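For reference, each letter of the sequence shown is one residue, going 21 to 204 in our numbering.
In this text, a Cβ means the ideal position worked out from N, Cα and C, and glycines have one as well.
The structure displayed is predicted, hence computed values, not measured ones.
See structure below.
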Amino acid sequence: RHAAKITLLDKYVGDLLKQLKKMDELDNTIIVFTSDNGPHRGGGANPTFFNSSGNLRGHKRDVYEGGIRVPLIVYWDGKIQKNTVSNHVAGFQDIMVTLAEMADIDVPEQSMGISMFPELLGNHKEQQSHEQLNWEIQLDGDWQKLKNGGFYQSVRIDNWKAVRYGINMPVEIYDLKNDVSETN
């Protein structure tokens, strides 16, 4: 059932590309495909069934990599080189800033994002990076979760990441370069 949904989605994206090309708008259209979080357990879903997180620990509503690391595919005909892979570390706050730069419009002052436009164009030396990225998830009224502090937090600086699952819990520190699964 899930494989059929993925195949149908793939077909629809193909249909969209064909229509944009037919309208002679493909080179004037930026297509961004991503997710806001890792696989989830909601609605009876099993986050491990398709091995959606691969070797990453965690799922939706986690601050481990399996809950926050997601793929990002960007297509812009004639502008972004096909079949390239980037290891640039970004956050969702970077999407609006990147699209604003692509559209040549001002970025709102309150934005904390960094444009990924240089990276997308292959200008790696011009690409800025975040000094740190952080995530926090406030928990609902579940007493078991609240007794540990009511939140999950993590911060990433370069390849180092700290994770804390509540104010009364220990801080876990991981070297993502050597331990992307966050096990040691």
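Contact belief for residue i with residue j at Cβ below 8 angstroms, rounded distance in angstroms
i: V83; j: Q173; result: 6 angstroms
i: V94; j: V127; result: At roughly 18 angstroms, the Cβ-Cβ gap does not stay under 8 angstroms, so V94 and V127 are not in contact.
i: Q147; j: H108; result: 6 angstroms
i: L46; j: D124; result: Between D124 and L46 the Cβ distance is about 19 angstroms, and since that is not below 8 angstroms, they are no contact.
Opening and closing residue of the beta strand (DSSP E) in which residue i lies
i: G191; result: The sequence as given places Val at residue 191; Gly does not occur at that position. That run of the beta strand (DSSP E) goes V191 to D195.
i: N179; result: N179 -> no beta strand (DSSP E), and no H or E assigned at all.
Run of the alpha helix (DSSP H) containing residue i, from where it starts to where it stops
i: V117; result: Q113 to M122
i: L140; result: F137 to L140
For residue i, the three-state DSSP class (helix, strand or coil)
i: I157; result: strand
Counting pairs of beta carbons, one from the segment 60–76 and one from the segment 112–128, are three or more of them closer than 8 angstroms?
-> no
Specify whether the segment 37–46 and the segment 69–82 touch according to this definition: at least 3 beta carbon pairs, one from each stretch, less than 8 angstroms apart.
-> no
Taking the runs of the alpha helix (DSSP H) that are 4 residues or longer, which of them lie wholly in the segment 35–98?
-> Listed in chain order, the complete alpha helix (DSSP H) runs (minimum 4 residues) inside the segment 35–98 are 85–88.
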